[in-house]
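Inspection log for the structure reproduced underneath, given as C-alpha coordinates.
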Amino acid sequence: MYVKNHMLPKDKLTLVYIDESIGSALEKINKGDFLSLPVFDGDEFKGILMKEAIFRYYFETNSMDKTDFLDDVKVKDLYNEVYKSILETEIIENASYLLKEVRTPFLPVFDVKGNFTGILTHTSIFNAFSEIFGLGKGTRILVNLFDIPGQLAKLTGIIRKENVNIINIAVMDAKVLDVYKVVIRVDTEDVNDLINKIDKSGFKVAGVSK
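Using UniProt numbering, read the sequence shown as starting at 1 and increasing by one per residue.
Have a look at this one:
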(Lines of atoms letter the chains of each structure in order from A and count residues from 1; the text may use other names and numbers.)
(Lines give C-alpha, C1' and ligand atoms only; values in the text may rest on other atoms or scores of the structure.)
Protein backbone atom coordinates (compact mmCIF):
# COMPACT_ATOMS: atom_id res chain seq x y z
CA MET A 1 0.00 0.00 0.00
CA TYR A 2 1.40 3.35 -1.02
CA VAL A 3 1.17 6.84 0.43
CA LYS A 4 -0.55 8.17 -2.70
CA ASN A 5 -3.48 5.81 -2.09
CA HIS A 6 -4.22 7.28 1.35
CA MET A 7 -3.09 10.91 1.29
CA LEU A 8 -5.44 13.88 1.15
CA PRO A 9 -4.84 15.44 -2.30
CA LYS A 10 -4.00 19.11 -2.66
CA ASP A 11 -7.30 20.00 -4.31
CA LYS A 12 -9.16 18.76 -1.21
CA LEU A 13 -7.12 20.80 1.26
CA THR A 14 -7.69 24.14 2.97
CA LEU A 15 -4.56 26.24 2.45
CA VAL A 16 -3.13 29.42 3.93
CA TYR A 17 -0.60 31.75 2.30
CA ILE A 18 2.46 33.43 3.75
CA ASP A 19 1.19 37.00 3.24
CA GLU A 20 -2.26 36.18 4.63
CA SER A 21 -3.20 37.77 7.96
CA ILE A 22 -3.31 35.59 11.05
CA GLY A 23 -6.95 36.63 11.48
CA SER A 24 -7.82 35.19 8.07
CA ALA A 25 -5.79 32.02 8.70
CA LEU A 26 -7.37 31.54 12.13
CA GLU A 27 -10.83 31.88 10.59
CA LYS A 28 -10.00 29.03 8.19
CA ILE A 29 -8.62 26.93 11.03
CA ASN A 30 -11.69 27.43 13.20
CA LYS A 31 -14.15 26.94 10.34
CA GLY A 32 -12.67 23.55 9.49
CA ASP A 33 -11.89 22.64 13.12
CA PHE A 34 -8.24 22.12 12.15
CA LEU A 35 -5.19 22.07 14.40
CA SER A 36 -2.82 23.00 11.56
CA LEU A 37 -2.81 23.93 7.89
CA PRO A 38 -0.34 23.78 4.98
CA VAL A 39 1.34 27.10 4.16
CA PHE A 40 1.96 28.17 0.56
CA ASP A 41 3.73 30.94 -1.29
CA GLY A 42 1.89 30.91 -4.59
CA ASP A 43 2.05 27.26 -5.72
CA GLU A 44 5.05 26.42 -3.54
CA PHE A 45 4.62 24.55 -0.25
CA LYS A 46 6.49 26.40 2.50
CA GLY A 47 5.60 24.79 5.83
CA ILE A 48 2.97 24.27 8.52
CA LEU A 49 0.91 26.77 10.52
CA MET A 50 -0.17 25.44 13.92
CA LYS A 51 -3.17 26.79 15.80
CA GLU A 52 -1.21 26.31 19.02
CA ALA A 53 1.60 28.55 17.68
CA ILE A 54 -0.89 31.36 17.01
CA PHE A 55 -2.28 31.34 20.54
CA ARG A 56 1.12 30.90 22.14
CA TYR A 57 2.50 33.91 20.27
CA TYR A 58 -0.49 36.07 21.18
CA PHE A 59 -0.38 35.28 24.88
CA GLU A 60 3.40 35.61 25.07
CA THR A 61 3.12 39.11 23.54
CA ASN A 62 0.06 40.14 25.57
CA SER A 63 0.82 43.83 25.12
CA MET A 64 -0.53 43.59 21.57
CA ASP A 65 -4.13 44.57 20.91
CA LYS A 66 -6.19 41.60 19.68
CA THR A 67 -7.44 43.38 16.55
CA ASP A 68 -3.93 44.58 15.68
CA PHE A 69 -2.64 41.07 16.21
CA LEU A 70 -5.21 39.49 13.89
CA ASP A 71 -4.77 42.14 11.20
CA ASP A 72 -1.07 42.97 11.32
CA VAL A 73 0.65 39.65 12.08
CA LYS A 74 1.05 37.50 8.99
CA VAL A 75 1.27 33.77 8.45
CA LYS A 76 4.92 34.21 7.44
CA ASP A 77 5.64 35.45 10.96
CA LEU A 78 4.38 32.30 12.70
CA TYR A 79 4.53 29.29 10.41
CA ASN A 80 7.06 26.48 10.87
CA GLU A 81 9.30 26.17 7.83
CA VAL A 82 11.14 23.11 9.18
CA TYR A 83 9.31 19.91 8.27
CA LYS A 84 9.72 16.30 7.21
CA SER A 85 8.13 15.11 3.98
CA ILE A 86 7.56 11.87 2.12
CA LEU A 87 7.24 10.74 -1.48
CA GLU A 88 3.84 9.57 -2.69
CA THR A 89 5.51 6.35 -3.92
CA GLU A 90 6.67 5.37 -0.41
CA ILE A 91 4.95 2.47 1.35
CA ILE A 92 2.50 3.37 4.11
CA GLU A 93 4.58 1.63 6.80
CA ASN A 94 7.44 4.09 6.25
CA ALA A 95 5.05 7.01 6.59
CA SER A 96 3.64 5.61 9.83
CA TYR A 97 7.12 5.37 11.36
CA LEU A 98 8.04 8.88 10.23
CA LEU A 99 4.83 10.44 11.59
CA LYS A 100 5.50 8.84 14.97
CA GLU A 101 9.15 9.85 15.11
CA VAL A 102 8.88 13.51 14.08
CA ARG A 103 5.65 14.25 16.02
CA THR A 104 4.12 16.32 13.27
CA PRO A 105 0.39 16.84 12.59
CA PHE A 106 0.84 15.70 9.00
CA LEU A 107 3.44 14.82 6.41
CA PRO A 108 3.63 16.88 3.21
CA VAL A 109 3.63 14.54 0.22
CA PHE A 110 5.59 15.16 -2.98
CA ASP A 111 5.92 13.39 -6.32
CA VAL A 112 9.27 12.35 -7.79
CA LYS A 113 9.58 15.73 -9.52
CA GLY A 114 9.30 17.59 -6.22
CA ASN A 115 5.73 18.81 -6.74
CA PHE A 116 3.49 19.00 -3.68
CA THR A 117 0.60 16.57 -4.13
CA GLY A 118 -1.09 16.40 -0.72
CA ILE A 119 -0.71 15.54 2.95
CA LEU A 120 -0.76 12.36 4.99
CA THR A 121 -2.41 12.65 8.41
CA HIS A 122 -2.56 10.40 11.47
CA THR A 123 -6.17 9.60 10.55
CA SER A 124 -5.03 8.57 7.07
CA ILE A 125 -2.55 6.15 8.65
CA PHE A 126 -5.23 4.72 10.95
CA ASN A 127 -7.59 4.19 8.01
CA ALA A 128 -4.84 2.55 5.99
CA PHE A 129 -3.99 0.06 8.71
CA SER A 130 -7.68 -0.60 9.35
CA GLU A 131 -7.88 -1.60 5.69
CA ILE A 132 -4.73 -3.70 5.95
CA PHE A 133 -6.13 -5.57 8.97
CA GLY A 134 -9.51 -5.97 7.31
CA LEU A 135 -11.38 -4.38 10.21
CA GLY A 136 -15.13 -4.74 9.89
CA LYS A 137 -14.86 -7.68 7.50
CA GLY A 138 -15.34 -11.38 8.20
CA THR A 139 -14.45 -13.11 11.48
CA ARG A 140 -11.26 -12.51 13.47
CA ILE A 141 -9.51 -15.62 14.80
CA LEU A 142 -6.54 -15.28 17.16
CA VAL A 143 -4.19 -18.27 17.22
CA ASN A 144 -1.14 -18.77 19.45
CA LEU A 145 1.67 -20.17 17.35
CA PHE A 146 4.99 -21.64 18.44
CA ASP A 147 8.05 -20.31 16.63
CA ILE A 148 8.67 -23.50 14.70
CA PRO A 149 9.45 -23.55 10.95
CA GLY A 150 6.43 -24.42 8.84
CA GLN A 151 3.78 -23.69 11.49
CA LEU A 152 2.24 -20.75 9.68
CA ALA A 153 2.12 -22.68 6.40
CA LYS A 154 0.44 -25.57 8.21
CA LEU A 155 -2.18 -23.26 9.72
CA THR A 156 -3.04 -21.59 6.42
CA GLY A 157 -3.07 -25.00 4.76
CA ILE A 158 -5.80 -26.16 7.15
CA ILE A 159 -7.89 -23.12 6.27
CA ARG A 160 -7.31 -23.65 2.56
CA LYS A 161 -8.47 -27.27 2.77
CA GLU A 162 -11.76 -26.03 4.23
CA ASN A 163 -12.20 -23.76 1.19
CA VAL A 164 -12.30 -20.73 3.48
CA ASN A 165 -11.17 -17.36 2.14
CA ILE A 166 -8.48 -15.56 4.19
CA ILE A 167 -9.20 -11.83 4.11
CA ASN A 168 -6.13 -10.85 6.11
CA ILE A 169 -3.36 -12.38 8.18
CA ALA A 170 -0.97 -10.67 10.61
CA VAL A 171 1.75 -12.07 12.86
CA MET A 172 2.65 -10.34 16.15
CA ASP A 173 5.22 -11.07 18.83
CA ALA A 174 3.33 -12.25 21.94
CA LYS A 175 6.26 -11.18 24.14
CA VAL A 176 6.40 -14.77 25.37
CA LEU A 177 9.38 -16.99 24.59
CA ASP A 178 8.94 -18.75 21.24
CA VAL A 179 5.25 -17.83 20.93
CA TYR A 180 3.62 -15.61 18.32
CA LYS A 181 0.06 -14.39 17.95
CA VAL A 182 -1.45 -14.88 14.51
CA VAL A 183 -4.53 -12.81 13.70
CA ILE A 184 -6.52 -14.20 10.79
CA ARG A 185 -9.67 -12.71 9.31
CA VAL A 186 -11.71 -15.24 7.38
CA ASP A 187 -14.90 -15.22 5.35
CA THR A 188 -16.92 -18.30 6.27
CA GLU A 189 -20.49 -19.23 7.20
CA ASP A 190 -19.42 -21.90 9.70
CA VAL A 191 -16.60 -20.45 11.77
CA ASN A 192 -17.14 -22.98 14.59
CA ASP A 193 -16.35 -25.88 12.28
CA LEU A 194 -13.17 -24.12 11.14
CA ILE A 195 -12.10 -23.47 14.74
CA ASN A 196 -12.62 -27.15 15.60
CA LYS A 197 -10.43 -28.16 12.67
CA ILE A 198 -7.71 -25.74 13.79
CA ASP A 199 -7.89 -27.02 17.40
CA LYS A 200 -7.72 -30.67 16.34
CA SER A 201 -4.59 -29.88 14.33
CA GLY A 202 -2.77 -28.91 17.52
CA PHE A 203 -3.10 -25.13 17.40
CA LYS A 204 -4.43 -23.04 20.28
CA VAL A 205 -7.27 -20.70 19.30
CA ALA A 206 -7.02 -17.84 21.81
CA GLY A 207 -10.04 -15.81 20.69
CA VAL A 208 -12.75 -15.32 18.11
CA SER A 209 -14.56 -12.05 17.34
CA LYS A 210 -16.00 -9.94 14.55
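Heads up, the beta-carbon is just placed ideally off N, CA and C, and yes, glycines get one too.
CB residue i to CB residue j, shorter than 7 angstroms?
{"i": "residue 182", "j": "residue 208", "result": "no"}
{"i": "residue 1", "j": "residue 92", "result": "yes"}
{"i": "residue 3", "j": "residue 99", "result": "no"}
{"i": "residue 21", "j": "residue 71", "result": "yes"}
{"i": "residue 84", "j": "residue 102", "result": "yes"}
{"i": "residue 95", "j": "residue 78", "result": "no"}
{"i": "residue 141", "j": "residue 197", "result": "no"}
{"i": "residue 45", "j": "residue 116", "result": "yes"}
According to DSSP, simplified to helix, strand and coil, what is residue i?
{"i": "residue 136", "result": "coil"}
{"i": "residue 18", "result": "coil"}
{"i": "residue 212", "result": "Nothing about residue 212 can be reported from this structure: the residues present for the chain run from 1 to 210 only."}
{"i": "residue 191", "result": "helix"}
{"i": "residue 83", "result": "coil"}
{"i": "residue 75", "result": "helix"}
{"i": "residue 109", "result": "strand"}
{"i": "residue 67", "result": "helix"}
{"i": "residue 26", "result": "helix"}
Within 7 angstroms (strictly less), CB to CB, does residue i reach chain C?
{"i": "residue 35", "result": "Annotation note: the requested chain C is absent from the structure, which comprises a single protein chain."}
Out of the options, state which residue places its alpha-carbon closest to the alpha-carbon of residue i.
{"i": "residue 168", "options": "137, 15, 17", "result": "137"}
{"i": "residue 80", "options": "160, 148, 17", "result": "17"}
{"i": "residue 147", "options": "50, 140, 177", "result": "177"}
{"i": "residue 74", "options": "130, 39, 210, 12", "result": "39"}
{"i": "residue 267", "options": "47, 160, 55", "result": "The structure shown does not extend to residue 267, since the chain spans only 1 to 210, so no value can be given for it."}
{"i": "residue 86", "options": "65, 43, 66, 112", "result": "112"}
{"i": "residue 76", "options": "25, 149, 155", "result": "25"}
{"i": "residue 191", "options": "139, 31, 170", "result": "139"}
What are the boundary residues of the beta strand (DSSP E) that includes residue i?
{"i": "residue 102", "result": "Element bounds for residue 102: not the beta strand (DSSP E) but the alpha helix (DSSP H), 92 to 102."}
{"i": "residue 114", "result": "Element bounds for residue 114: n/a, residue is neither H nor E."}
If you follow the alpha helix (DSSP H) that residue i is part of, which residue opens it and which one closes it?
{"i": "residue 35", "result": "Note, residue 35: premise wrong, no alpha helix (DSSP H); not H, not E."}
{"i": "residue 88", "result": "Segment: none, residue 88 is in no alpha helix (DSSP H) and carries neither H nor E."}
{"i": "residue 51", "result": "51 to 60"}
For residue i, verify whether its CB is less than 6 angstroms away from any heavy atom of the ligand ADP.
{"i": "residue 200", "result": "Only the bare structure without any ligand can be found here, which leaves the ligand ADP out of the picture."}
| task | Counting only runs of 3+ residues fully inside the UniProt domain "ACT" (140 to 210), write out the beta strand (DSSP E) ranges in chain order. | result | The beta strand (DSSP E) runs of length 3 or more contained entirely in the UniProt domain "ACT" (140 to 210) are, from start to end of the chain, 165 to 176, 179 to 187, 204 to 209.
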